[in-house]
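What follows is a single structure, written as structure tokens, with notes after it.
There are 2 protein chains.
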Amino acid sequence: MRVPVELRHALRLINHGPTTIITAAAGARRNVMAVAWVMPLEFDPPRVVAVLSRDTLTRDLVEASGQLVVNLPTVAQLDLAYAVGKQSGHDIDKFTLHDIAVEPASRVAAPLISGCAGWLECRVHTEPDLQTRYDLFVLDVLAAWGDDRLFSGGQWHFPDAQSRTIHHVTAGVFFATGDRREIAR
Amino acid sequence: MRVPVELRHALRLINHGPTTIITAAAGARRNVMAVAWVMPLEFDPPRVVAVLSRDTLTRDLVEASGQLVVNLPTVAQLDLAYAVGKQSGHDIDKFTLHDIAVEPASRVAAPLISGCAGWLECRVHTEPDLQTRYDLFVLDVLAAWGDDRLFSGGQWHFPDAQSRTIHHVTAGVFFATGDRREIAR
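In order, the protein sequences belong to chains P and E. Okay, so the first sequence: first residue is 1 according to this note's numbering, each after it adds one. Okay, so the second sequence: first residue is 1001 according to this note's numbering, each after it adds one.
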């Protein structure tokens, strides 16, 4: 079940470096694309950075709306993560093509992709120079969600192989998130 | 054995979001600290970004020298990664305290930590505004290395559990890099 994640724990959703799928919407248009280069920037207020290529429809929609959602796909969604990273929304409606189920977000117009492990609803902290020179977007996290089977009490606990988050290596190659290792103290 | 990684493959060393240990040196001083927030920024030229907190000795040395090394620790180095993230080099010599073996880098003064899975020798692409406002450093990758048991032909292939890279979640909690999943095409 999708449940809210406290903002002070929101960055733990992406601290281990999983690959993401970003959704964006502006006016009647929406799009979805895979984005591997997302990481935390600041704990308080919770901020992340993401690299959004300039030739993408998602980038256009993010710039038009000032909003996006960072969705965290699981191993079960590997094919989806790969497909939405390969195709351009300029040419096709990826939601229809891949039959992507979505749910409304709470603070932004971009949708949440159903079945993900976690979600960050974000507002662009406008930095025109960074966006232009490096395709780098600074994002304020407005709300966060987790699947409570996988994330609760501020911690991940993956019950099975299919529910693990994924890490992108190169075209078509990923790692699943592996075993938890805790320091003995 | 440590072998060179072609610059066009250098970003694959960190594309899956592993946590890192950063080494820096300036004059007679050197230091080492864990840095989880490192990710690729551009493929060509190969560039990465890293968040370096302003109250750290490593940050001072990076600003003084304009150089650093991104080292990629393995599960076998988990205790080391945790320890050098907890302690400040202002107070102690972490290399001596933890008996950290190092090797000279090829292009920078900062040392390479022996036994890591991969290494990126980097030069700071000076961005004073980003460094001051976000603690964010843009880094040009000058040279890259991999342990050829773990990374060759531009791909990771971890032979055993102890040699996998690690991903930081929160204080003392990590994930090992998990199983490889390849898209069927």
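Virtual Cβ for every residue (Gly too), placed ideally from N, Cα, C. Note that this is a predicted model, so its numbers are computed, not measured.
Under DSSP, the alpha helix (DSSP H) around residue i begins and ends at which residues?
| i | result |
| --- | --- |
| Arg-1180 of chain E | Where Arg-1180 of chain E is concerned, there is no enclosing alpha helix (DSSP H), although the beta strand (DSSP E) it sits in stretches over 1173–1182. |
| Phe-95 of chain P | 94–97 |
| Asp-160 of chain P | Counting along the chain, Asp-160 of chain P falls outside any alpha helix (DSSP H), and DSSP gives it neither H nor E. |
| Ala-1010 of chain E | Run containing Ala-1010 of chain E: none; DSSP gives neither H nor E here. |
Are the beta-carbon atoms of residue i and residue j separated by less than 9 Å?
| i | j | result |
| --- | --- | --- |
| Glu-1121 of chain E | Gln-1067 of chain E | yes |
| Ile-1014 of chain E | Val-1051 of chain E | no |
| Val-70 of chain P | Ile-22 of chain P | yes |
| Trp-1119 of chain E | Leu-1080 of chain E | no |
| Val-5 of chain P | Ala-105 of chain P | no |
| Leu-130 of chain P | Leu-1112 of chain E | no |
| Ala-1024 of chain E | Ser-1065 of chain E | yes |
| Leu-7 of chain P | Pro-45 of chain P | yes |
| His-1168 of chain E | Ala-1034 of chain E | yes |
| Val-141 of chain P | Leu-11 of chain P | yes |
| Arg-30 of chain P | Phe-95 of chain P | yes |
| Val-32 of chain P | Gly-89 of chain P | yes |
| Pro-18 of chain P | Gly-1017 of chain E | yes |
| Pro-1040 of chain E | Ala-36 of chain P | yes |
| Ala-117 of chain P | Ser-53 of chain P | no |
Quick one: what does DSSP say residue i is sitting in, helix, strand or coil?
| i | result |
| --- | --- |
| Val-108 of chain P | coil |
| Ser-1152 of chain E | strand |
| Arg-133 of chain P | helix |
| Asp-1091 of chain E | coil |
| Pro-4 of chain P | strand |
| Ala-101 of chain P | coil |
| Gly-17 of chain P | coil |
| Gly-1115 of chain E | coil |
At what residues does the beta strand (DSSP E) containing residue i begin and finish?
| i | result |
| --- | --- |
| Leu-120 of chain P | 118–124 |
So is the beta-carbon of residue i under 8 Å away from any non-hydrogen atom of the ligand ZN?
| i | result |
| --- | --- |
| Leu-150 of chain P | Looking at this structure, you won't find the ligand ZN or any other ligand, since it has none at all. |
Count the C-beta pairs between the segment 1165–1176 of chain E and the segment 170–182 of chain P that are closer than 8 Å, then say yes if the count reaches three, no if not. yes
Which ranges would you report for the beta strand (DSSP E) in the segment 27–76 of chain P if only whole runs of at least 3 residues count? 29–35, 38–42, 47–51, 67–72
Contact between the segment 1093–1105 of chain E and the segment 92–110 of chain P: three or more CB pairs below 8 Å? no
Examine the Cβ distances between the segment 1144–1155 of chain E and the segment 128–140 of chain P and report whether three or more of them are shorter than 8 Å. no
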